[in-house]
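Asker: For the sequence shown, this note's numbering begins at 4 and goes up steadily by one.
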Amino acid sequence: MWKSLGWSSLGLLALLAAGCATYRPDPLRPEAEAMALDRQDLATLVPQRSTPCEGPAAPGGAPFDLSDGLNEAEVIAVALTLNPDLRVKRLESGGAQAQLIQAGLWPNPEIAIAWRPGVGGATGAAVDADFLLEVLRSSKRAARKDAAAAGLTQVQAEIVAAEWELVAQVRRQRLAVLAGEQTLALLDEEATLRDRALETARRRRQVGEGTEVDISATELETVEVRRDRRKAETELASARRELNHLLGLPSGYTLCLSESGKPLAVTAFNDLADEDLGRRMRARRFDLRALEAAYEKAEHELRLAVLRQYPDLKVGPSFSRETDGGNFLGLGAGITIPISDRNQAEITQKENERQRARATYVALLHRLTAAVREARGRLQRARLEVEAQEKDVLPLVKRNQDLLERAYRAGEVTVFDLIAAQQRALKARQAHLASVVRHQESVIDMETAMGLPIAPTAAAAAPEAKEK
Numbered sequence: 004m005w006k007s008l009g010w011s012s013l014g015l016l017a018l019l020a021a022g023c024a025t026y027r028p029d030p031l032r033p034e035a036e037a038m039a040l041d042r043q044d045l046a047t048l049v050p051q052r053s054t055p056c057e058g059p060a061a062p063g064g065a066p067f068d069l070s071d072g073l074n075e076a077e078v079i080a081v082a083l084t085l086n087p088d089l090r091v092k093r094l095e096s097g098g099a100q101a102q103l104i105q106a107g108l109w110p111n112p113e114i115a116i117a118w119r120p121g122v123g124g125a126t127g128a129a130v131d132a133d134f135l136l137e138v139l140r141s142s143k144r145a146a147r148k149d150a151a152a153a154g155l156t157q158v159q160a161e162i163v164a165a166e167w168e169l170v171a172q173v174r175r176q177r178l179a180v181l182a183g184e185q186t187l188a189l190l191d192e193e194a195t196l197r198d199r200a201l202e203t204a205r206r207r208r209q210v211g212e213g214t215e216v217d218i219s220a221t222e223l224e225t226v227e228v229r230r231d232r233r234k235a236e237t238e239l240a241s242a243r244r245e246l247n248h249l250l251g252l253p254s255g256y257t258l259c260l261s262e263s264g265k266p267l268a269v270t271a272f273n274d275l276a277d278e279d280l281g282r283r284m285r286a287r288r289f290d291l292r293a294l295e296a297a298y299e300k301a302e303h304e305l306r307l308a309v310l311r312q313y314p315d316l317k318v319g320p321s322f323s324r325e326t327d328g329g330n331f332l333g334l335g336a337g338i339t340i341p342i343s344d345r346n347q348a349e350i351t352q353k354e355n356e357r358q359r360a361r362a363t364y365v366a367l368l369h370r371l372t373a374a375v376r377e378a379r380g381r382l383q384r385a386r387l388e389v390e391a392q393e394k395d396v397l398p399l400v401k402r403n404q405d406l407l408e409r410a411y412r413a414g415e416v417t418v419f420d421l422i423a424a425q426q427r428a429l430k431a432r433q434a435h436l437a438s439v440v441r442h443q444e445s446v447i448d449m450e451t452a453m454g455l456p457i458a459p460t461a462a463a464a465a466p467e468a469k470e471k
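Structure (structure tokens):
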């Protein structure tokens, strides 16, 4: 008997070991990881994802055409493919998938072996063996699987929400780079004008028409402009490094944007009523979807906690052998008697977690509703500001400059008056650039708050359709 039992035990152990996972070491090599980050290049990069979306990334595609620089869509695709923080976030789905697999597994059986020698003058001994399986109720198993599935849905929605947040950051930083280039170009023009003014002041002083005060004041203005230019150049370099960081590229990588050197475009968008804003936001904000899944998970976990207050039943075959040669085979059972512990603590905890999940969802919904309406208000104000600049301020400045140029050619005004008019025109262009940047930032904020792009007006969409 003992020999057969030993062989049976060895066979069972071999069968169990056949399905076990094996450990494969994969040590972390900091220098190799740092070198890999420094070698990131867009020349051979194949984008894995162009927009935030649910599901796995789609492999394939073609490398970027870097000859004309990257447009906004290509910059977003680079960030969604290379950003290291986003890669960390995506790996969280692996843990949620593992929990879903675990929730669908049946409990492992239990083997109990007992050896009882005779006592009180009894001779011989008895050997008992029980093989017990937990009778898992279908409702309990379904609750476990539903909770794990909701947890996976929550993690996937959080990943897409993180992708949308990264897209917003990349778009803002790309705008900061383009605006910085425009600002630097305007400051270069202003520095040229200041140099002309300084040269004119010195010539006037040489012929006795000016004073040292004029030269000193002009020199001070020139120094201030060059100081502003150095500051703008530093800020532009910092903006480029931050954009590279968001894209997952080395900080010193030379990134070319297709819109560099071009005026920033301004597009008019359709206004939306409060009902449309709320409906679109609730449908497209993935952080709201994540909290909806979190509430569903809390519901299923509470249901599972309530089911756990009832005792678990274990049944299976039971074998007994006595030394006098008698063998006995029957049915064994085990049950937990819930006298004092009826899972009250876990039920109370899960009820609280469900209430907290609901409150968290309501708080975020309230905050996002206010944010999307405020974003719409900022967009409306920014559009009015741009229109005022383009319809009122810039035409007046241009008309005044033309009049002064004709007056200068006619000898009616001095070169100082002409340079002053050119400086006013430059200041107006700088103010217009700032209003355009605020408008574009408001568009990004509006689309981020809604979770999807907003539609341009029919008049604004018509030229784009013709270009296509």
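Glycine included, C-beta positions come from ideal geometry on N, C-alpha and C.
1) In this structure, how does DSSP classify residue 138 when only helix, strand and coil are distinguished?
2) Measuring CA to CA, which of 99, 335, 141 is closest to residue 134?
3) Starting from residue 350, trace the alpha helix (DSSP H) in both directions and tell me its first and last residue.
4) If you reduce the DSSP assignment to three classes, tell me which class residue 320 lands in.
5) For residue 401, count the other beta carbons within 10 Å of its own beta carbon; 16 or more makes it buried, fewer makes it exposed. Which is it?
6) Between the segment 168-186 and the segment 314-334, are three or more C-beta pairs nearer than 8 Å?
7) Quick check on the DSSP output: what are the complete alpha helix (DSSP H) runs of length 4 or more inside the segment 16-50, in order along the chain?
8) DSSP three-state label for residue 462, please.
9) So, helix, strand or coil for residue 454, using DSSP?
10) What do you get for residue 206, buried or exposed, if any count of 16 or more other CB atoms within 10 angstroms of its CB means buried?
11) Output the distance between the C-alpha atoms of residue 223 and residue 230, rounded to the nearest integer angstrom.
12) Should residue 298 go down as buried or exposed, given a rule of 16 or more other Cβ atoms within 10 Å for buried?
13) Nearest-angstrom Cα distance between residue 36 and residue 42?
14) Would you verify that the beta carbon of residue 249 is, or is not, closer than 7 Å to some beta carbon of chain C?
15) In whole angstroms, give me the CA-to-CA distance for residue 211 and residue 246.
16) If you pair each beta-carbon of the segment 174-181 with each one of the segment 439-447, do three or more pairs fall below 8 Å?
17) When you compare only the Cα positions, how much space is there between residue 92 and residue 289?
18) Do residue 325 and residue 129 have their C-beta atoms within less than 7 Å of each other?
19) What residue range is occupied by the uninterrupted alpha helix (DSSP H) comprising residue 247?
20) Only counting the same chain, and skipping five residues up and downstream in sequence, which positions put a Cβ closer than 8 Å to that of residue 103?
21) CA-CA distance, residue 451 and residue 345?
22) Rounded to a whole number of angstroms, what is the C-alpha to C-alpha distance between residue 352 and residue 272?
23) My output table needs one value for residue 130: the three-state DSSP class, helix, strand or coil.
24) What number of angstroms, rounded off, separates the C-alpha of residue 82 from the C-alpha of residue 340?
25) Report the three-state DSSP secondary structure of residue 118 (helix, strand or coil).
26) For a quick check, are the C-beta atoms of residue 399 and residue 449 less than 7 Å apart?
27) Determine the DSSP secondary structure at residue 8, reduced to helix, strand or coil.
28) Buried or exposed for residue 86, going by 16 or more other Cβ atoms inside 10 Å?
29) Compute the Euclidean distance between the alpha carbons of residue 77 and residue 29, then round it to the nearest angstrom.
30) By DSSP, does residue 325 sit in helix, in strand, or in coil?
31) Which value, in whole angstroms, describes the spacing of the CA atoms of residue 379 and residue 242?
32) Grouping DSSP H, G and I as helix and E and B as strand, with all else coil, what is residue 289?
33) Nearest by alpha-carbon distance to residue 219: which of 237, 425, 200 is it?
34) Near residue 5, which residues of its chain fall below 8 Å by C-beta distance, leaving aside the five closest residues on each side in sequence?
35) Alpha carbons only, please: which of 455, 301, 332, 422 is nearest the one belonging to residue 131?
36) Please tell me whether residue 342 and residue 308 are closer than 7 Å, where the distance is taken between their beta carbons.
Answerer: Once the coordinates are examined:
1) Here residue 138 sits in coil by DSSP.
2) 335
3) Per DSSP, residue 350 belongs to the alpha helix (DSSP H) from 347-391.
4) The answer is strand: DSSP assigns residue 320 an E or B state.
5) exposed
6) no
7) 33-41
8) With a pLDDT of 46 at residue 462, under the threshold of 50, the modelled position of that residue is not reliable, and no figure is offered here.
9) coil
10) exposed
11) 11 Å
12) buried
13) 10 Å
14) As a matter of chain content, chain C is missing from the structure shown, which is built from one protein chain.
15) 53 Å
16) The segment 174-181 vs the segment 439-447: in contact.
17) 14 Å
18) In this structure, residue 129 lies closer than 7 Å to residue 325 by Cβ.
19) 215-250
20) Excluding sequence positions up to five before and after residue 103, its CB lies within less than 8 Å of the CB of 148, 151, 152, 154, 155, all in the same chain and listed in chain order.
21) The alpha-carbon separation between residue 451 and residue 345 amounts to approximately 47 Å.
22) 48 Å
23) In the structure shown, residue 130 sits in a strand (DSSP, three-state: E or B).
24) 57 Å
25) Of the three classes helix, strand and coil, the one that applies to residue 118 here is strand, per DSSP.
26) no
27) Because residue 8 sits at a pLDDT of 49, beneath the cut-off of 50, its placement in the model cannot be relied upon, and the following sentence gives the value as read from the coordinates. DSSP, reduced to helix, strand and coil, places residue 8 within a helical segment of the structure shown.
28) buried
29) 34 Å
30) strand
31) 26 Å
32) helix
33) 200
34) Reliability of the predicted coordinates at residue 5 is poor, the pLDDT of 46 falling under 50, and no value is obtained from them.
35) Of the listed residues, the one whose Cα sits closest to residue 131 is 332.
36) no
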